[in-house]
Structure formats: structure tokens, C-alpha cells
Amino acid sequence: MHPLGGCPMGEDASFSVVNENCQVYSGKSGIETHNGLYIMDGSVIPRSLGVNPLLTICAISERACEKLTTQEGLKIDYNLPSYPKNGGVSDEKVLGIEFTECMKGFFSTQSKENTERGYQIGKDEGSSIEFLLTIRSENLEEMVGNPDHKATLFGTVKAPFISKDVITVTGGEFLLFISREDRVETRNMVYRMILNTEEGKKYLFVGAKWIQDDGLTNIWRDTSTLYTTIYDGETENSPVFGKGILHILPEDFAKQMTTMKVINSKSILDEVKGLAKFGSFFAGALYDVYGGVASSIVPWDKDARPRTKRPLRVSSPEVHFFKASDGADLRLLRYKGGNKGPVLLSPGLGVSSLIFSIDTIDTNLLEYLFENRYDVWLFDYRTSIALPSAPLPNTGDVIATKDYPAAVNKVRELTKVDKIQVVAHCFGATTFTMALLAGLEGVRSVVLSQISADVEVPTSMDIKVGLHTAEILDALGIEDMTAYTSDKDGWLDKFFNSVLALQPQSLFSHDVNPVSRRISFLYGSLYRLENLNEETYRYGLGEMFGVSNIKAFEHLSKMIRAHKVVNSEGKDVYVPNWDRLNLPITFIHGAENRCYLPESTELTYKKLIDRFDPNQYNRHVIPDYGHIDCIFGKNAHKDVYPLILQSLNLY
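For what it's worth, full-length UniProt numbering labels the leading residue of the sequence shown as 1, then goes sequentially.
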């Protein structure tokens, strides 16, 4: 068959091969045809039909068949067969999952025993191997819940040492999380497939990712490393041909998350829920970094549509899990926009570093700094809701004295610089100020958002603190509180939501979002509603805010009563070291902040310029802004971010 008329249709044999009925002409001219000889495919089309000509070709072929059967006195039954439904079989199709994965690495035939040695020898020899595989399961629940469930995989492999041509894959199987008897608290992801070369050789490829239940520190290594054995034959009884290791790069992992799709979904909601379920199971703690799907549906609004994240205008991140000196898990996400900085961004309490990278606004702070060529590091300390440790009883002291030193040293180590820059917000700014006063080194300039060493709050917050609310909750055995709520909450939570609707700030600001009401109850008024866009209000708040531990609230209460930073026992151990704040610091404060009054940073600023070189300090009060809307307000990229950038550029 020729796509451009190898046997063109025409009026006679002088310039055509077939007639209008696809019968082949018998001579070099005229209209006589061979008896019973037909050509009914795309080659009869005398010219290109453009994109996807299948329907036109099929129509011509079917017309020719109809003419042929009529001529022969035959009849085609066009009625479709119909059978009674089997009452025992459901029409309901279960959800499935499909995704594509790309991994690259090295292997060697010189190592038959050790994958690490095979990888190193192969790397030295230039013996590369890579695959592009699509993995598909017709039953998502089985794949997640049954360790014996096998998904199919198919695709191609490139391994020049095995074949100069692309190698096709057959008989592929993928098993998700098989427990290993020989390794405690370790599960495998297993890849098995037959490699078929153009030369006619067949090799069995067996790869395994070892996922260890050892906390977060090694999660990227475990998820991105495939230990591989290739057999010279189709079974594991065949001789070992070679061993090696394949890895997935961060940018490829990000692409992999976008290839995930749900099979047999009947609605967008089905698809989003399926993606979230499998993605979080497959990628674990990495899914919130790379996953394409945000929360399955806004929890407080049953009528809201599901949403997917918009792609951020940044590179794929490097993920670094590491530990504080006391063993607590911490996380850094690196987005290298250039060689400026490096700058570490630290969030507040009851949130995560997502406040800097939320996609519900047109430009977030991460994108803004990335576009201005900064090497940006998003920091999640131990109370971040991105970490399992969020609800544990931790005070600001451990963040100041253990988490920040570990984070600053990790960034310095990985970037090979002597000093870094820091942008810290709210509780992050409070604890970072404490860290500096406690002797933290390796920082050349700081931007502090909303708070620092002095603490002044509105009367309503003073009353709440005066009633010792946090201490009472602690005495009652309540260890944490959360801003998150959903329609699956029990009656007590629903009653609590109803009570919060009667708060003055909820009534008079027309705040109908239960998550937003809880935020106001826990922290005071954190934003002006008019500064949030619809996406952030309906979706973003529920994604960004979560659990906070009561011990942290108790610590904050002691600071509010002391009107300055103190330790968790209320002792004045930080402020006496005021000389340690003799470095460039810029303060950002919302003029309408009803959580921490602007007087807070004003007091600190005045003390610093009276004591040290005033030229190294700046303070900006942002008109018509509250507290955290300075970070993710819809126009923060116009009103606030340029001031942060200006401060960073100075040093």
C-alpha cells in the first residue's frame, strides 16, 4: 500500500490502476477489468487526504464490497449481534491506572554478582542502558492492595552493548511493593520483561527498587534507583549476562507523574481520586512535590470541581531529606534558577513550604525568585505539615537550635558557599530570629516577614492568651489542632464549624469557608479576603493549612505575654544576645496585620538602627495587606515580592 496513490483510481487504464469499484484494469488503456481482482486500500487514493484519512479509505472500501456482493447476488447482514445480559456480571468497570517511566543507567557483563560494581564498570566502559516503559493495571484497588497483583508493562530499551537497534519489550510484568523476607521492613517494586533484539536474541531483564521503611532520609534514593540483572535467556535459570543500576532523574520523575492516567473513570472526580490514591501510594512523600493532582476535591464544598495543579514555571526540584542533630526528619526542595543566593525560604506554623509555591496564584514567590535567577531552597522544618512529625509536641526552641543549623549547613554544604540568604515568614521568622540570637552562623542577609524579636498582638489575641487557652487544651490531653476540615468530619467537628461561623470575623467578613474560619480561630485574622483570589480561597487554603501541635501554641503564648521571644519555659535566653543581629535584615509587615501588629517589627527595627549601622536595616509596611496574604495574595508579585527581591539583591 502506498499512501499517495500507488494504485490510483481513475476513469480508464491510461492513467489509473482501478475503477470506481476498486476493480483492477486489465489493459494499458480502456475500461476492461480483471475478473475478481480488486484493490481496496489506501493505495487507490490518488492524492493526500490530510490528517487521519482512515474514514475516507474505509468508506471507499466498504462501497466497493457492497458493489461486489450485489454483483455476485450476495447480501451482507449489517445487523449487530445482540445477546441477553448475564445477570451475574456487572456492567461496572473498575478503575485502572497507567503511567510511563523513563530510567537511565549503566550495566556491565564483567560483573555477574554485584549490581553496584556492574554499574561502575559499565559507567567507565560507556555501557549505557535506558528504558521507556508504560505500566498498566486494569484494577487500581488490586494493584495497591494485593502484593501479588501483576500489572503489564511494555515499551522499548536502548542498550548499545546488547543491540545497536532499539530493543522491544514483551511479556512485561510490574509488581508493586512485594515484601522481602530477607530484608526487614523492606519492600520491592519489581520489573520483569523479555528484551527482543533485531538480531533475534532474547534476554530476561529483572529490576527491583528497594523501598525501605527507614523514615524520609532515603526516600529519593529508594524511589529512583533500580537494581538490575540481565539474563542470557528467557528465565532466571539462564546464565547471568550482566548487572547494573538505572536511575530516574528529577525532571524525568516529574514527567512521569504527569503521565499517570486513570482507566475506566466515569467522571473527573473518579480520575482525580484515582490519581491521588495511586500517586501517593507509589511515590509516597515525593508525591506532594512532583504530583500533578492537588487535593481530590475542596473538602468543605461538595459542589466544587476537582482541580489539577498548573505547571510551575520552574525546574524540577532536587529533593533532600536530612536529619537534625536530634534525629528529626527535615526537608529541602531545591529549585536552581541561577547562581544568585542561595536563598532559603522558611514557612510558618501549621503550613508547609507550599505557601511559597502554591499554584493558585499567577506568580508565587518561588517562581518570582527563580525567574530572577536565584538558587531557591524551600525548607520544611519538623512542624511542617509536609512531614509526619507535624503533630508531635515540639516547641520553637528545637526549631531554632537544631533545625535551622542543620538546614543552613546542608545548603552551604551542597552549594559550597560560606554564607546563605534567608527569607522567613511568621513562626519561621520568629524561630529564625531565635536561631540567630542563639548563635546561628553562615547567614549573610535576612528578610523577615511579619515578626521578629518583639511581639505585639491585637486585644482579641491578648484575651485568648490571657485565658491560657493553649495550656488548658494541653491539660485536657489535646495534643494538636488542625485547620483542615471536610464533610466526613464527625458531629463534634461539624458542631465546632457551626460555632466558628458565629465568630465576628466570620460574620462581618462573609467568610463562608470552614477552613478559613478555623484558621482565624487558631491564629487570628491572617489575611484580608479581598487579597485572595477564588482559587486560593476555595482550594488553596485547604491544601496549605493543616495540623499544629499544642506545645508550639503554648510557646507562642509565652512570647505574647512576654512581648518578646523567650524559650518554651518563658525564660529570657535569646534577647540578651542582641549583638548577634548585627547583619543585614529587612522587615516586611502588612499594614492591616491583625495577627502580629506592625508595632512588632517597628520596635525591633528601631532597636537595631539605634545600636548598629542603620544602613544595613530596612522595613517596609505594605498598605492594605494583612499577614500571610503578603506571601500568597493575588497581587503579592506586584506589591510585595519586588521588595523582597530588592533586599536580596543588595547582599
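Beta carbons are placed, not taken as given, at the ideal position from N, Cα and C, and that holds for glycine. No experiment lies behind these values; they were computed from the predicted model shown.
Compute the Euclidean distance between the alpha carbons of residue i and residue j, then round it to the nearest angstrom.
i: Thr390; j: Val319; result: Looking at the sequence shown, residue 390 is not Thr but Ala. C-alpha separation (whole angstroms): 19 Å.
i: Leu581; j: Arg117; result: 51 Å
i: Arg63; j: Gly30; result: 23 Å
i: Ile39; j: Asn79; result: 26 Å
i: Pro342; j: Gln421; result: 6 Å
i: Pro576; j: Leu436; result: 12 Å
i: Asp380; j: Ile399; result: 10 Å
i: Met9; j: Glu32; result: 14 Å
i: Asn567; j: Asn394; result: 12 Å
i: Asp375; j: Leu333; result: 11 Å
i: Ile245; j: Val190; result: 13 Å
i: Glu569; j: Met559; result: 10 Å
i: Asp91; j: Asn139; result: With a pLDDT of 44 at Asp91, under the threshold of 50, the predicted position of this residue should be treated as unreliable, though the coordinate-derived value follows. So the two alpha carbons sit approximately 15 Å from each other.
i: Lys340; j: Ile219; result: 29 Å
i: Asn196; j: Gln23; result: 41 Å
i: Asn533; j: Pro614; result: 38 Å
i: Ser315; j: Lys606; result: 40 Å
i: Leu507; j: Pro250; result: Residue placement at Leu507 is poorly supported in this model, since its pLDDT is 42, which falls under 50; the coordinates are not used for a value here.
i: Met193; j: Val411; result: 41 Å
i: Tyr203; j: Met257; result: 29 Å
i: Leu414; j: Asn52; result: 52 Å
Helix, strand or coil for residue i? Go by DSSP, reduced to three states.
i: Gln23; result: strand
i: Ile451; result: coil
i: Tyr110; result: One point to set straight first is that residue 110 is Gln, not Tyr, in the sequence displayed. Here Gln110 sits in coil by DSSP.
i: Gly6; result: coil
i: Ile631; result: helix
i: Tyr537; result: helix
i: Phe321; result: strand
i: Asp362; result: coil
i: Glu130; result: strand
i: Met40; result: coil
i: His34; result: strand
i: Gly348; result: coil
i: Ala208; result: strand
i: Ala386; result: coil
i: Glu101; result: strand
i: His620; result: strand
i: Asp511; result: coil
i: Thr235; result: coil
Once you ignore the five residues that flank residue i on each side, which residues in its own chain have a CB closer than 7 Å to its CB?
i: Tyr641; result: Leu365, Tyr368
i: Asp359; result: Lys309, Arg310, Leu312
i: Ser357; result: Leu312, Asn364, Leu366, Leu378
i: Glu599; result: Glu456
i: Glu199; result: Ser163
i: Asn21; result: Ala64, Lys67
Could you pull the DSSP bridge partners for residue i from this structure?
i: Gln421; result: Val343, Ser445
i: Glu141; result: Paired residues: none, contrary to the question.
i: Tyr527; result: Beta-bridge pairing links Tyr527 to no other residue.
i: Arg310; result: According to DSSP, which records beta bridges pairwise, Arg310 is partnered with nothing at all.
i: His589; result: Val621
Using the beta-carbon count (16 or more within 10 Å), is residue i buried or exposed?
i: Phe15; result: exposed
i: Arg538; result: buried
i: Cys58; result: exposed
i: Ser346; result: buried
i: Ile45; result: buried
i: Val18; result: buried
i: Thr401; result: buried
i: Gln71; result: exposed
i: Ile135; result: buried
i: Asp124; result: exposed
i: Leu37; result: exposed
i: Leu650; result: exposed
i: Asn146; result: exposed
Note down, in chain order, each residue of its chain lying with its Cβ closer than 8 Å to the Cβ of residue i, except the 5 sequence neighbours on either side.
i: Ser265; result: Leu95, Glu271, Gly274
i: Lys28; result: Ala13, Ser14
i: Ser384; result: Arg331, Pro347, Val351, Ser352, Ser353, Ala390
i: Ala562; result: Val455, Gly570, Asp572
i: Asn593; result: Gln450, Tyr625, Gly626, His627
Hey, is residue i close to the ligand SAH, as in C-beta under 7 Å from one of its heavy atoms?
i: Tyr191; result: For the structure depicted, the ligand SAH is absent and the ligand set is empty, with no information on it obtainable.
By Cβ distance, which residues of its chain are closer than 6 Å to residue i, with the 5 residues on each side in sequence left out?
i: Ile585; result: Val446, Tyr617
i: Ser111; result: Arg117, Gly118, Ile121, Lys243
i: Ser137; result: Gly96, Ile97, Met143, Ala151
Do we get a CB-CB distance below 8 Å when we pair residue i with the residues of chain D?
i: Tyr539; result: In the displayed structure, chain D is absent; only one protein chain is listed.
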